[in-house]
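For the sequence shown, this note's numbering assigns the number 2 to the initial residue and increments by one for each residue that follows.
Ideal placement from N, C-alpha and C gives every residue a C-beta, glycine not left out.
Values in this document were obtained by computation on a predicted structure and should not be read as measured data.
Report on the structure given below.
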Amino acid sequence: FSIFFFGVLHALALPPPLAPHWERFLPDAVKSIVLVVWTIGVLRLFVLLGEHYLKNVLDGGKIGADLFLLLKNVVRVIIIVSALLWLLSIWNVNLAPLFASAGIAGIAVALAAKDSLANFFGGISIFADKTFKVGDYIIIDDAQRGEVVEIGVRSTRIMTRDDVLITIPNSILANSKIINESAPIPRFRIRVPVGVAYGSDLEQVEAVLLAVAAENPAVVKEPEARVRLRGFGSSSVDFELLCWVAEPRFKGLEIHNLLKGVYAAFAAHSIVIPFPQQDVHIKGLPE
C-alpha cells in the first residue's frame with residue numbers, strides 16, 4: 002500500500018498534465034495519506050507486541066496489565082501527536098507558537114501530576130526489580146505486614162492478619178525497606194521457645210519436641226524440624242523448636258498449635274514446665 006502511494010508521489014513529481022493548483026496539492030495529500038496509514042500500522046503493531054509480551058512473559062499479571070494499559074495510552078498519544086506535527090509540517094504550518102504553548106502546558110502538567118508520576122515510576126521499579134508479587138507476605142519498614150493482594154500502577158494493597166486492607170502508594174514502597182518472607186521460597190521458619198525443669202532428661206525432651214513437630218500437618222517435612230538447647234535460665238533449661246511452615250501467614254496459628262502440642266506431650270511424658278521461683282537460704286536467726 003505504501004509502495005503504491007510512494008509510486009504515485011514519484012509520478013506526481015514528474016511534469017504532469019495537471020493544473021498548477023493540483024500539482025501543488027496532490028503530493029502533500031499523498032504524503033498525508035501515507036503518514037496516516039503508517040501511524041495506524043505502528044499503533045496496531047505496538048498493541049499486538051505488547052499483548053504478546055503481557056501474555057507470554059508476564060503471565061497476565063495485574064501490574065503488568067496495568068502498566069501495559071498505561072504505557073499503551075502514553076505511547077498512543079506520543080505517536081498520534083508526532084504524526085499530527087509531521088502532518089502539519091507537510092502542509093507548511095508554522096509550529097513555533099505551538100511548541101512554545103506545549104512547553105508551558107507541559108511544565109504545568111508535570112507540577113500538578115508530580116505525586117502521580119512518582120507513584121507511577123515507583124510501580125515500574127517494583128515491577129522491574131521483582132521486589133514482591135501478589136500472594137507474597139511482606140513486612141514494610143518493620144511495621145506494616147501482610148499479604149500482597151494487588152499491585153497497581155499507583156498503589157499496592159496488602160491484607161493484614163487482622164483482615165484490614167491497607168493501600169500504600171508505590172512511591173513510598175519504592176523508598177522503604179521491604180522484607181519478603183515468601184521469597185526466595187515460600188517456606189517460613191518459626192521458633193517455639195520451651196523451658197523445662199532442671200533435672201529433666203534432655204534427650205527425651207528433644208525427642209518429644211521433634212515428635213510434636215512431626216505430628217503437625219502444617220509443618221513441612223523438608224527441611225526437617227530441629228531442636229536447639231539455647232541456655233540455662235534462672236528457673237529452666239531453655240530449648241527452642243525450629244520448624245518450617247508452608248506460608249508465612251500461618252506463623253501465628255502454627256505457633257499456637259505447636260505450643261498446645263508441646264504442653265500435651267510434656268504432660269503425657271511427665272516433663273515438668275517450671276514456673277519462676279526463688280530459693281531463700283537463711284544463714285542464721287537472731288536470738
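Distance, Val193 Cα to Leu243 Cα
7 angstroms
What are the partner residues of Phe233, as DSSP defines its beta bridges?
Val238
If you reduce the DSSP assignment to three classes, tell me which class Arg77 lands in.
helix
Relative to the C-alpha of Pro275, which candidate in Val263, Leu203, Val197 and Asn258 has its C-alpha closest?
Among Val263, Leu203, Val197 and Asn258, the Cα nearest to that of Pro275 belongs to Val197.
With distances taken Cα to Cα, identify the nearest neighbour of Leu260 among Ala212, Ala84 and Asn93.
Taking only the C-alpha atoms, the option nearest Leu260 is Ala212.
Helix, strand or coil: how does DSSP classify Trp245 here?
strand
Does the Cβ-Cβ distance between Val149 and Asp130 come in under 7 angstroms?
no
Have a look at Gly285 and Ile140 and give me their C-alpha separation to the nearest angstrom.
58 angstroms
What does a CB cutoff of less than 6 angstroms around Asn181 pick up in its chain, not counting 5 residues either side in sequence?
The beta carbon of Asn181 lies closer than 6 angstroms to those of Phe133, Asp137 and Ile139 in the same chain, with the five residues before and after it left out.
Determine the contact status of Phe189 and Pro277, defining contact as a CB-CB distance below 7 angstroms.
no
To which residues of the same chain is Leu88 closer than 7 angstroms at the C-beta, ignoring the five residues directly before and after it?
Ser33 and Leu36
Length at least 3, wholly inside the segment 123-149: the beta strand (DSSP E) runs in chain order:
138-141
Which residue from Val246, Val238 and Leu230 puts its Cα closest to that of Pro224?
Val246
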